[in-house]
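So the structure is just underneath, and the comments pick up after that.
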Amino acid sequence: METRQIGRPLTRNEDPRLLTGRALFVDDVELPGMLHAAFLRSPHARAAIRSIDTDAAKARAGVVAVITAEDLGEYWQPGPLLVPPPPIKGMVFRQRCQVPLAKGEVRHVGEPVVMVVAESRYVAEDAVGDIVVEYEPLPPVIGLEAALSSDSPRVHADLPDNIAADVHQAKGDYAAARAKAAHLIRRRFTYDRGASNPMETRGIVAQWDHKAEKLTVWDTTQAPVFIRNGLAAMLGLSERQVRVVAPFIGGGFGPKMMMFYPEEVLVPWMALRLDRPVKWIEDRLEHFTATTQERSQVHDCELALDARGKILGVRDDFLMDTGAYNPYGLTVPLNSQCTLLNCYDVPAYDSRFRAIYTNRTLVTPYRGAGRQHGIFVMERMLDAAARELGLDRAEIRRRNLIPADAFPYHNELIYQDFAPLTYDSGNYAPILDKALHAIGYAEFAAEKAKARAEGRHLGLGVVCYVEGTGIGPYEGAKVRVQASGKVTLATGVGTQGQGHFTSFAQVVAEQLGVDVRDVEVTTGDTDVFDWGAGTFASRGAVVTGSAAHGAAVEVRTKILKTAAEHFECAEADLVLADGAVSIAGVPENRITLGELARLANPMRGAVKPGTVPGLEATSYFGPQMGATAAGAHAMVIEIDAQTMRPTILRYVVVHDCGTVLNPLILSGQIQGGVAQGIGNAFFEELVWTDDGQLLNASLADYLLPTALDVPRMDVLHTETPSPLNPLGTKGAGEGGAIPVGALFAQAIEDALDLPARGIEVSEIPLSPSRLWEICNPSG
Amino acid sequence: MKPAPFDWHAPESVAEALALKARHGEDARFLAGGQSLVPAMNFRIAQPAVLVDLNRVAGLDAIAVGADGSLTIGAMARNAAIERHAGAVKSHPILAEALHEVAHPQVRNRGTLGGNLSHADPASEMPAVMLALAARFLIRSARGERQVAAAEFFLGPLTTALELDEMLAEIRLPPLPPRSGTAWLEIARRRGEYAMMGVAAVVTRDAAGICTAVRLACCSAGPTPMAAPKAAASLVGTKLTDADLAQAAALLKQEIAPTGSVQASPAYQRHLAGVIAARALATAWERAA
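Keeping their order, the protein sequence lines are chains A and B.
Residue 1029 in this note's numbering sits at position 639 of the first sequence, with consecutive numbering throughout.
Residue 153 in this note's numbering sits at position 152 of the second sequence, with consecutive numbering throughout.
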């Protein structure tokens, strides 16, 4: 057996269960006597609620309860501020969090107004149709710049305006940089995002066992421990009385990290009140307006360069739509603000953003979480600068990369994790070179000219990115050797498809000398492990992986100590491999881990004072700050110049996330990220009317990229280990998605020779129709 | 996303189905393949009190090629069956070519031509193909039967000439003349997606290589499938040179009335129509040789 487990391209331990339909998802939970919930949701972006008549709904056969905000009494509370803002000097931050059911006013389409619980989902939806709500529609706040005008309606009447936050951060002296610049580039960009649309929508089942006095909640959350703690507090139960299970989840992508969603507050409360299990599964229509999204930013950016194309400074001012409430604080705009600096040495930076309340669905992080907005701005600015200076686009990037000997590199800003924005490690030039080589950059001009002679329009894009990953606060892991010799690992994070059952098993197996298939991983069950923050910010492998490593190292020590006592030899003489300990050079002197586990947990006889039973350890890991991953994407695209239909001919990803735990899983993460990036760049767009109605709330009209739209890609790696954690790893969850918008914009400009026609691509998402309009401004 | 309550009837004969529809009138809908109606019911956009399920009715799904090359298709013939029917592929190859772009194989396995045409979605491929093929529709009711030309069948978005008690029973396609070529071309955001624009072209030439007849029809081009008779007429007597195609494309762009969608602006749709009409005509012309 291989002794090294980290770095092996192992297929996933969890896949047989997933692929044969034997994995538990929330909607698989069926309980005797279970009731079903449905919600009446606001059809208006903004309206006053004049009256609610639920009589007919209550009278319908099979309806058990119909609940409005008034019926919740003191249980009605705005949700908690999930992520308080970091301490940035002079900032404005006005918190308004979502409510369980709208009271007095609705603030976005899809906001829940009435909850119905019935014997079936069919009856519950019939009863929703029986409810009569008298609304007085009010003018909504939709456009970002309009929201700032003094005569704009206000999303929250008790605030003086629609500004949720106003934050200024700076590095160096931009004014001085600007004064000595040879070139100043100014551009405006808009970047819209979409809905994450995981395959599994949200869902929650709650069951109150009145004999055990215990509430069990199955929830599609990315943060089961926080949900458990929060529910216990809200419901007046002890934490011991609440078990939250986040079973297999069909994709999270960030929106399932939001808490508390109204349904998460209401379904457990109902189960307690009715003393019957209650299930609510979000349908796709609900998902489009009730699950958080990411949305518009408008950037005004100025880039100051010297005559050689070296960046002297950047000034950026952007508006961001935060939706109707902002429970997630400043995570998304701070990510944009910080990530804009990308992998470049920027001596001076002056950045301001304003987060704006609008009457649209809440904005919380979705894969990339604002980073792609920043990357888009910087990469587009460099493309414009390269043209102005007559420089090659790869060359202007190379001239500005942070040099390998400049790490740790201090950007002097505060990042989303409240820590200073410092890049722990990196080596960027080889990444860019590898990408250029793999895409055939040097030969592309000839390739493009040859294709053009045949009437085909080929374009190449190459962009760089960084990804702040692996932030705190901490995660924990408990490792135990069982009497069977198999090993268990438990952690508090939830899992939504990241391969945790395999990558964490590899980390443990590496230390314990067991088969990766013999490490059983439990995630997301608060009765098994109940400390930790959750799965977000590309932190699972870094933070949980390091905790698992720490626990495994401790268990390894216990194994060797127990074996040394058993063999009456020195630990240094022992070999731990193949699920057993043997004496070096005497392989027949061997004891299995199972036998050692039994020795460590004797049933009779005396143990030494102070003995802790079992081959078990719990360890926690909290990084001092996030680890910065980096990469480059390159693409060759062909555009039908008449229909504007794109075809991706080649796609290259070069990624550096430090030590790779499992290259197969990493490749899957990256390819999935690129797929979502392609969706964001060219397929997905939430189309809203001026009165706040979503026009394409179905998967027939909101276009996710399919297998036919996502190309095969070459995924290459460089490895610059992070000094911040014992594994040397960096997160990889979001990198695939981050640079794709910038890549599309550049490649499309190249294919259609747009700059020569005085046209630039300054917005995402694109579509054939939008691209045609950009190219034909007069129609 | 659960349908409102409804009564479900599963007649086994056409007469029984027509009697049920006559009895329940506007409260009732025929259920064919269910690929449009059932999603609409799940969204509660459609809330029929009664469904008359045609899936157990015998004799509505025959596909037959006549000795003269004409084709009759029972309304309940599955789109996949038409797509794979050797005779139909030979007599009217544009059917299979367009059906290949209709949604996905799973949807075509279930969806029927009659259901598709009765639904009358102006973004759907087959109504436009029916115009281009000069189809006639056999319509039955408890009162009797009648025939309607495709050009008179589609009255508006999701609106047809069918009376409340009537059923589209059979689609009749006249034979294509010798030296005819056909082509279907569409541009969609994704494979199987609603077309932003689609064009059916049917071209006939004489032995000397002069065009003698053209029919053109578009989907996603207005409230109904849109024929383009002026563009078609402009090509008769020509050899479909690039200049002829450009002129026809310009005329076609004037004959359609695209309204735009979340995927495409009307101006872009009109632009696309010109582009793909020229391409479809060129392809059909080659095939007519």
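Cβ coordinates follow ideal geometry from the N, Cα and C atoms, glycine included.
Chain-ordered neighbours of residue i on chain B, where CB pairs are closer than 9 Å
i          : result
Asp1091(A) : Tyr195, Ser262, Val263, Gln264
Minimum C-alpha distance to residue i - residue among the options
i          : options                                     : result
Arg789(A)  : Leu702(A), Ile1154(A), Val506(A), His827(A) : Leu702(A)
Asn979(A)  : Ala987(A), Cys959(A), Pro992(A), Ala990(A)  : Cys959(A)
Ala59(B)   : Ala18(B), Val90(B), His86(B), Leu38(B)      : Ala18(B)
Pro226(B)  : Thr113(B), His10(B), His120(B), Val39(B)    : His120(B)
Pro793(A)  : Val736(A), Leu964(A), Asp609(A)             : Val736(A)
Ala196(B)  : His101(B), Glu167(B), Thr242(B)             : His101(B)
Pro179(B)  : Trp286(B), Gly115(B), Pro230(B), Pro123(B)  : Trp286(B)
Gln1014(A) : Asp814(A), Cys691(A), Arg744(A)             : Asp814(A)
Arg1032(A) : Ser628(A), Ser1159(A), Trp608(A), Pro474(A) : The sequence given here has Gln at residue 1032(A), not Arg. It is Ser1159(A) whose Cα lies nearest to the Cα of Gln1032(A).
Phe808(A)  : Gly849(A), Leu1156(A), Gly862(A)            : Gly862(A)
Gly930(A)  : Ile1055(A), Val1044(A), Leu549(A)           : Ile1055(A)
Gly210(B)  : Thr242(B), Arg191(B), Ser235(B)             : Thr242(B)
Gly969(A)  : His763(A), Val871(A), Glu464(A)             : Val871(A)
Leu414(A)  : Gln886(A), Pro433(A), Gly940(A), Gly1123(A) : Gln886(A)
Pro550(A)  : Tyr1010(A), Arg484(A), Val503(A), Phe643(A) : Arg484(A)
Beta-carbon gap between residue i and residue j smaller than 8 Å
i          : j          : result
Ala428(A)  : Arg511(A)  : yes
Glu684(A)  : Gly640(A)  : no
Tyr818(A)  : Cys728(A)  : no
Pro12(B)   : Asn43(B)   : no
Val965(A)  : Ala974(A)  : yes
Lys948(A)  : Ala1007(A) : yes
Glu509(A)  : Leu425(A)  : yes
Thr606(A)  : Gly593(A)  : no
Phe926(A)  : Val911(A)  : no
Cys691(A)  : Arg787(A)  : no
Val945(A)  : Val1002(A) : no
Gly1067(A) : Val1130(A) : yes
Val1105(A) : His1023(A) : no
Asp773(A)  : Ser741(A)  : no
Ala438(A)  : Tyr525(A)  : yes
Thr371(A)  : Leu1051(A) : Only positions 391 to 1169 of chain A appear in this structure, which leaves residue 371(A) out of reach.
Ile54(B)   : Leu32(B)   : The identity of residue 54(B) in the sequence shown is Asp, whereas the question assumes Ile. Yes.
7 Å Cβ cut-off: residues of chain A touching residue i
i         : result
Leu273(B) : Thr1033
Lys3(B)   : Arg511, Tyr512, Glu515
Val276(B) : Gln1032, Thr1033
Own chain residues within Cβ distance below 8 Å of residue i, not counting five before or after
i          : result
Leu1094(A) : Asn587, Gly1069, Phe1073, Glu1074
Glu535(A)  : Val688, Leu709
Asp166(B)  : Leu19, Lys22, Ala23, Gly26, Ser142, Ala143, Arg144
Ser1152(A) : Arg577, Arg578, Phe579, Thr580, Arg770, Ala1135
Ala208(B)  : Arg180
Chain-ordered chain A contacts of residue i [CB-CB under 8 Å]
i         : result
Pro6(B)   : Tyr512, Asp516
Val39(B)  : What Val39(B) touches in chain A: nothing, since even the nearest Cβ is about 13 Å away.
Ser191(B) : Sequence inspection shows Arg at residue 191(B); the Ser mentioned does not correspond to that position. Chain A residues near Arg191(B): Phe1073, Leu1093, Pro1095, Thr1096, Leu1098, Asp1099.
Ile188(B) : Thr1033, Arg1035, Pro1158
Simplified DSSP assignment, three categories, for residue i
i          : result
Glu392(A)  : Caution is warranted here: a pLDDT of 49 is assigned to Glu392(A), below 50, making its placement in the model unreliable, and no coordinate value can be reported.
Cys1047(A) : coil
Gln683(A)  : strand
Thr1018(A) : strand
Asn725(A)  : helix
Pro468(A)  : coil
Arg1102(A) : coil
Pro12(B)   : coil
Sequence-distant residues of the same chain with beta carbon closer than 7 Å to residue i, five excluded per side
i        : result
Ala16(B) : none
Listed by chain order, chain A residues near residue i by CB distance under 9 Å
i        : result
Phe44(B) : Leu675, Ser1088
Within chain B, partners of residue i - CB distance below 8 Å
i          : result
Glu1163(A) : Ser266, Ala268, Tyr269
Amino acids of chain B, ordered along the chain, whose beta-carbon sits closer than 7 Å to that of residue i
i          : result
Val657(A)  : Neighbours of Val657(A) on chain B: none; closest Cβ ~18 Å, over 7 Å.
Leu1085(A) : Val263
Val1130(A) : Within 7 Å Cβ-Cβ: nothing; Val1130(A) doesn't reach chain B, min ~17 Å.
Sequence-distant residues of the same chain with beta carbon closer than 6 Å to residue i, five excluded per side
i         : result
Arg402(A) : Gly889, Thr892
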